[in-house]
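S.K.: I'd like to ask you about the structure that follows.
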Amino acid sequence: MFLELDLKSSIPVYIQLRNEIVRGIGSGELAFGEQLPTVRSLAADLSVNSMTVSKAYQLLDSQGYIHTDRRRGTVVCARGEMPDFLENPDSKRELVLLAREAALGGYTREEFLKLCSDAYIELV
153 MFLELDLKSS
163 IPVYIQLRNE
173 IVRGIGSGEL
183 AFGEQLPTVR
193 SLAADLSVNS
203 MTVSKAYQLL
213 DSQGYIHTDR
223 RRGTVVCARG
233 EMPDFLENPD
243 SKRELVLLAR
253 EAALGGYTRE
263 EFLKLCSDAY
273 IELV
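Pasting the structure below:
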């Protein structure tokens, strides 16, 4: 699993890690039902504190992307168990913010929708 973290970013590392895992699931790099590395193993691989990985895993678990079982470890949830994007108020706010930033940057509605469409097509 390839994860890209920017340790100099203003975005907390655990949020970056959460986002990278969601991207991995969405792109198919991480399969539904796939077992993820242990907290300690991933922390060592990324050279970050194990509490950082633990916090990211806890967030992903609470959001419904992964499930941790003491016997099986941490696994990506099945496709049918994934959270509904539209039910997450944070997702809606982030999408609205992205759209407004695009508008402020001079993108037309059609250009923004094309960018969204192209990004979505790359995922499926």
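Under my numbering, think of the first position of the sequence shown as 153, with each following residue one higher. Each residue gets a CB set at the ideal place from its N, CA and C atoms; glycine is no exception.
#1: V165 by DSSP, collapsed to three states: which one?
#2: Using the beta-carbon count (16 or more within 10 Å), is E230 buried or exposed?
#3: For G225, which beta-bridge partners are listed by DSSP?
#4: Hey, quick one: how far does the alpha helix (DSSP H) through L182 stretch, first residue to last?
#5: My guess is that Q168 and S162 are in contact by the Cβ rule of under 8 Å, so how many angstroms apart are they, rounded?
#6: Who are the Cβ neighbours of P235 in its own chain at under 8 Å, not counting the five residues just before and after it?
#7: Please list, in chain order, all residues of the same chain as S243 whose beta carbon is under 8 Å from its beta carbon, the five residues on each side excluded.
#8: For Q187, list the residues DSSP reports as bridge partners.
#9: Roughly how many angstroms lie between the CA atoms of A254 and N240, to the nearest whole one?
#10: Quick one: is V248 buried, meaning 16 or more other Cβ sit within 10 Å of its Cβ, or exposed?
#11: Would Y166 be called buried (16 or more neighbouring beta carbons within 10 Å of its own) or exposed?
M.R.: Checking against the coordinates, here is how it stands:
#1: One-based indexing of the sequence shown puts residue 165 at position 13. Three-state DSSP puts V165 in a helix.
#2: For the purposes of this step, residue 230 is taken as residue 78 along the sequence shown, with counting starting at 1. In the sequence as displayed, the identity of residue 230 is Ala instead of Glu. A230 comes out exposed.
#3: Indexing the sequence shown from 1 puts residue 225 at position 73. Paired residues: D221.
#4: On the sequence shown, position 30 is the one that residue 182 refers to. Boundaries for L182: no alpha helix (DSSP H) harbours it, and the DSSP string shows neither H nor E there.
#5: Counted from its first residue, the sequence shown places residue 168 at position 16. Counted from its first residue, the sequence shown places residue 162 at position 10. In this structure Q168 is not in contact with S162, their Cβ atoms being roughly 10 Å apart against a cut-off of 8 Å.
#6: As a working note, residue 235 is residue 83 in the sequence shown. Apart from the 5 residues on each side of it in sequence, P235 sits with its Cβ closer than 8 Å to the Cβ of Q215, G216 and Y217 in its chain, given in chain order.
#7: Within the sequence shown, the letter at position 91 stands for residue 243. So the list reads F237, once near-sequence residues are dropped.
#8: For the purposes of this step, residue 187 is taken as the residue at position 35 of the sequence shown. In the DSSP output, where bridge partners are listed per residue, Q187 has V227.
#9: On the sequence shown, residue 254 is found 102 positions in, with the first residue counted as 1. On the sequence shown, residue 240 is found 88 positions in, with the first residue counted as 1. Using only the alpha carbons, I get a separation of about 22 Å.
#10: The residue labelled residue 248 in the question sits at position 96 within the sequence shown. Burial is judged here by how many other beta carbons sit within 10 angstroms of a residue's own beta carbon; V248 has fewer than 16 and is exposed.
#11: Mapped onto the sequence shown, residue 166 falls at position 14. The residue is buried, with at least 16 neighbouring Cβ atoms inside 10 Å.
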